[in-house]
Each structure stands twice: as structure tokens, then as C-alpha cells.
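Below is one structure; the comments refer to it alone.
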């Protein structure tokens, strides 16, 4: 394994990431319409998903070699961000 993916795979991943981003963009205002615990849960889901899409882009769509994930240090920051944006 060379550590790189081919152009076709990269193009497919770019298409899917962009497509998924449109869904997240469409739902960006949903958390503000909710209350209580559900609002926080949906906000965390939204922030986490958008963040993973950014990580995939930074990996240049090479997800077969490197898995995009939140580190144990990033997770508390994600929670703080979700709480701050309530």
C-alpha cells in the first residue's frame, strides 16, 4: 500500500463530502429551533459532522489510509462550542 488513493476514489469522496455538506448546511438552523437536551444533542451532531467533513478535506479525501476522527483533546472543545452557541 502506497498511502495514497487514486484520482477516481478522491473524486468520489469529494462529491460525497460536498453532497453531505449541503445536507448539513440545510440543517444548520435546526438546533436553534429546539429546546433542552435535544437542542444540545443535535448541535453536537451537527458540529461533529461538519468537523469530520473538514477533516476529510484536510486529508485530501484519503480516508482509506487515514481515518478522520476527533481526538480526546478535541472532544471537550466540541462540547464547549456546542454549549456556547446555544
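Residue numbers (this note's numbering): 37 to 122.
Positions of the beta carbon are idealized from the N, C-alpha and C atoms, including for glycine.
Remember, it's a predicted structure, so these values are computed and weren't measured experimentally.
Check                                                                                                        : Outcome
CA-CA distance, residue 78 and residue 109?                                                                  : 21 Å
If we call anything under 8 Å between Cβ atoms a contact, is residue 104 one with residue 114?               : no
Would you report the Cα separation of residue 72 and residue 53, rounded to the nearest angstrom?            : 30 Å
I'd like to know whether the C-beta atoms of residue 92 and residue 49 end up nearer to each other than 8 Å. : yes
Using CA atoms only, rank isn't needed, just tell me which of 80, 62, 74 is closest to residue 112.          : 80
By the three-class DSSP mapping on this structure, what secondary structure does residue 108 have?           : coil
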